[in-house]
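Residue numbers (the working numbering): 30 to 457.
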């Protein structure tokens with residue numbers, strides 16, 4: 030498939046190019062009631078396009094199809110296309126206020142929006158290979174029209190004019206007098222090589238589209254072995270002054286950790302871990318990227334991954350997670366800190382990433398970012414509380430609202446010290 034091959038050629042095959050669960054795609058569906066198979070696509074006119082969707086959102090198609098609840102195009106604008114009732118979802122795909130009428134007014138001043146299948150389009154560009162430098166085009170002595178006479182053309186039937194960087198010479202990497210554009214083996218003299226298959230780029234016999242590791246010649250197991258890990262403690266990882274503190278980018282292994290909180294709602298998902306201690310420098314963040322974490326609070330885990338400082342926050346990325354004990358109860362209590370202490374970098378840094386508790390907290394500003402609103406609340410005049418680990422939390426608390434205690438992860442983001450509750454139970 031051209032779409033699949035293009036995705037592999039551009040390096041986006043892990044997210045696009047195939048009809049697979051979790052992929053993003055543009056999909057067009059054509060009327061196959063007359064022409065069958067691929068001919069339904071080749072023979073289709075604008076009136077034969079039943080539905081176009083991108084990333085799951087409808088863009089255009091038959092009105093009867095878009096009106097289906099499962100498609101979700103009922104509010105799209107009506108458009109008659111060669112006598113077929115269609116709809117165009119202009120506002121869904123553009124800024125609010127943009128209408129089909131506005132697009133037609135602007136565009137059709139230059140070129141028609143469409144031509145019906147039985148009409149010959151006007152002012153179409155040429156499909157003949159052409160460069161401004163070679164104005165003669167195809168002639169009796171230059172059948173590919175590339176400006177090089179057939180008698181000296183190293184690809185006489187394939188358009189391959191000399192490239193500007195090559196002077197007057199046509200490209201021929203292996204110097205076998207067969208131009209690269211038509212050479213079966215462009216890097217090997219002659220034509221006796223076995224070229225790689227575009228449908229199986231690693232040559233392991235498994236087609237690209239179903240190969241779990243299309244760039245690694247191994248048909249069944251594509252996960253390369255991880256680099257050797259350096260065993261460090263949580264404290265060594267967190268404390269730059271520790272003797273065993275690793276360099277950023279080191280593959281590390283940290284054992285005897287307990288999951289203290291999950292982060293599931295943003296683009297950097299993951300979870301927080303801490304050793305069985307409330308001593309400073311005992312906790313950090315494990316990033317699972319766009320993948321939801323599969324661990325639970327209370328699990329004892331071992332983590333292997335790459336050490337990073339992400340916006341100043343100690344993080345382990347690309348983790349290999351081993352659940353040692355599937356417990357759901359933490360063996361330690363939150364470390365008690367004050368809002369004033371955690372709001373100051375010097376006294377806050379040691380507790381960053383740990384499960385904390387602030388006693389007798391009070392709302393001082395409902396929305397400290399007004400007139401913007403990022404769902405944050407200010408406590409005790411110095412510290413913010415938000416929903417990083419509790420998506421249902423919102424800044425709905427009136428000034429003066431008192432909490433006997435607020436439990437959550439001592440966090441840091443957007444240059445602000447914050448506490449991140451994990452559920453409503455953390456605000457009792």
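For every residue, glycine included, the Cβ atom is placed at its ideal position computed from N, Cα and C. None of the values given here were measured: they were computed from a predicted structure.
Integer Cβ distance of residue 392 from residue 426, believed to fall under 8 Å: Looking up residue 392 in the chain shown gives position 363. Looking up residue 426 in the chain shown gives position 397. With a Cβ gap of about 5 Å, residue 392 and residue 426 count as contacting.
Option in 334, 339, 353 and 188 with minimal Cα separation from residue 346: By one-based count along the chain shown, residue 346 stands at place 317. The shortest C-alpha separation from residue 346 is found at 334.
Residue 186, buried or exposed, once every other Cβ within 10 Å from all chains shown has been counted against 16: For the purposes of this step, residue 186 is taken as the residue at position 157 of the chain shown. Exposed, because fewer than 16 other Cβ atoms sit within 10 Å of the Cβ of residue 186.
Close-in-space but distant-in-sequence residues of the same chain around residue 96 (CB under 6 Å, 5 per side omitted): Stepping through the chain shown from its first residue, residue 96 is reached at position 67. Here the set comprises 103.
Neighbour flag for residue 438 against chain B, beta carbons, 7 Å: You won't find chain B in this structure, because it holds only one protein chain.
Straight-line Cα distance separating residue 371 from residue 394: For the purposes of this step, residue 394 is taken as the residue at position 365 of the chain shown. For the purposes of this step, residue 371 is taken as the residue at position 342 of the chain shown. Straight-line Cα distance between these residues: approximately 17 Å.
Complete alpha helix (DSSP H) runs within the region 228-296 (minimum length 4 residues, chain order): 263-267
Selection from 64, 362 and 81 that minimises the alpha carbon distance to residue 73: Position 44 of the chain shown, counted from the start, is the residue given in the question as residue 73. The option with the nearest alpha carbon to residue 73 is 64.
Inter-residue Cα distance where the pair is residue 117 and residue 40: For the purposes of this step, residue 117 is taken as residue 88 along the chain shown, with counting starting at 1. For the purposes of this step, residue 40 is taken as residue 11 along the chain shown, with counting starting at 1. Straight-line Cα distance between these residues: approximately 31 Å.
Any 3 or more C-beta pairs closer than 8 Å across the region 297-314 and the region 369-388: yes
Of the residues 408, 386 and 388, the one placed nearest residue 396, counting alpha carbons only: The residue given as residue 396 occupies position 367 in the chain shown. Closest by alpha carbon: 408.
CA-to-CA distance, residue 181 to residue 167, given in whole angstroms: To locate residue 167, count along the chain shown from 1; it is residue 138. To locate residue 181, count along the chain shown from 1; it is residue 152. Approximately 15 Å, taken between the alpha carbons.
Touching by the beta-carbon criterion (3+ pairs, under 8 Å), the region 225-240 and the region 199-208: no
Buried or exposed by the 16-neighbour rule on C-beta atoms within 10 Å, applied to residue 42: Taking the first residue of the chain shown as 1, we reach residue 42 at position 13. Under this definition residue 42 is a buried residue.
Residues bridged to residue 87 (per DSSP): Counting from one through the chain shown, the residue named residue 87 turns up at place 58. Answer is 82.
N-terminal and C-terminal residue of the beta strand (DSSP E) that residue 203 is part of: Mapped onto the chain shown, residue 203 falls at position 174. It is not in any beta strand (DSSP E) - residue 203 carries neither H nor E in the DSSP assignment.
Bridge-paired residues (DSSP) for residue 113: Locating residue 113 in the chain shown gives position 84, counting from the first residue. The partner list for residue 113 (beta bridge, DSSP) reads 110.
Residue 173 - partner residues in DSSP beta bridges: Reading the chain shown from its first residue, position 144 is the one you call residue 173. Per DSSP, none; premise fails for residue 173.
For residue 225, three-class secondary structure by DSSP: As a working mapping, residue 225 is identified with position 196 in the chain shown. Reduced to three states, the DSSP call for residue 225 is coil.
Coarse secondary structure for residue 45, derived from DSSP in three states: Your numbering for residue 45 matches position 16 in the chain shown. Coil, per DSSP.
Per DSSP, cross-strand counterpart(s) of residue 385: The sequence position of residue 385 within the chain shown is 356, counting from 1. 364 and 437, per the DSSP bridge assignment.
Where the beta strand (DSSP E) through residue 412 begins and ends: Numbered from 1 along the chain shown, position 383 holds the residue referred to as residue 412. Taken as a continuous stretch (DSSP letters only), the beta strand (DSSP E) holding residue 412 covers 412-414.
Local Cβ density within 10 Å of residue 447, reported as buried at 16 or more and exposed below that: As a working mapping, residue 447 is identified with position 418 in the chain shown. It counts as buried.
Where residue 55 falls: helix, strand or coil (DSSP): Numbered from its first residue, the chain shown carries residue 55 at position 26. Reduced to three states, the DSSP call for residue 55 is strand.
Residue range of the unbroken beta strand (DSSP E) whose run includes residue 299: The sequence position of residue 299 within the chain shown is 270, counting from 1. Residues 298-303.
Pairwise C-alpha distance: residue 412 and residue 374: As a working mapping, residue 374 is identified with position 345 in the chain shown. As a working mapping, residue 412 is identified with position 383 in the chain shown. Their backbone Cα atoms lie some 12 Å apart in a straight line.
Contact between the region 126-145 and the region 48-56 (3+ Cβ pairs under 8 Å): no
Reduced DSSP secondary structure (H/G/I, E/B, other) of residue 431: As a first step, residue 431 is located in the chain shown; it is residue number 402 there, counting from the start. Correct three-state label for residue 431: strand.
Residue 165 versus residue 137 - alpha carbon distance: By one-based count along the chain shown, residue 165 stands at place 136. By one-based count along the chain shown, residue 137 stands at place 108. Distance between the alpha carbons of residue 165 and residue 137: 33 Å.
Endpoints, the beta strand (DSSP E) within which residue 349 is located: Along the chain shown, one-based indexing puts residue 349 at 320. 342-354 is the extent of the beta strand (DSSP E) around residue 349.
Identified DSSP bridge partners for residue 390: Start at 1 with the first residue of the chain shown, and residue 390 comes out as number 361. DSSP output for residue 390 lists 432 as bridge partner(s).
Host beta strand (DSSP E) of residue 318 (start-end): Taking the first residue of the chain shown as position 1, residue 318 is located at position 289. Residue 318 -> beta strand (DSSP E) spans 312-318.
Which of helix, strand or coil DSSP assigns to residue 372: As a working note, residue 372 is residue 343 in the chain shown. Looking at residue 372 - three-state DSSP - the assignment turns out to be coil, as it is neither helix nor strand.
Spatial neighbours of residue 142 in its chain, beta-carbon cut-off 7 Å, leaving aside the 5 residues before and after: Residue 142 sits at position 113 when you count from the first residue of the chain shown. So the list reads 133 and 136, once near-sequence residues are dropped.
Reference residue 260, options 278, 148, 243 and 284, closest by Cα: Mapped onto the chain shown, residue 260 falls at position 231. The candidate whose alpha carbon is nearest that of residue 260 is 284.
Cα-Cα separation, residue 303 to residue 352: For this step, residue 303 is matched to residue 274 along the chain shown. For this step, residue 352 is matched to residue 323 along the chain shown. For residue 303 and residue 352, the distance between alpha carbons rounds to 14 Å.
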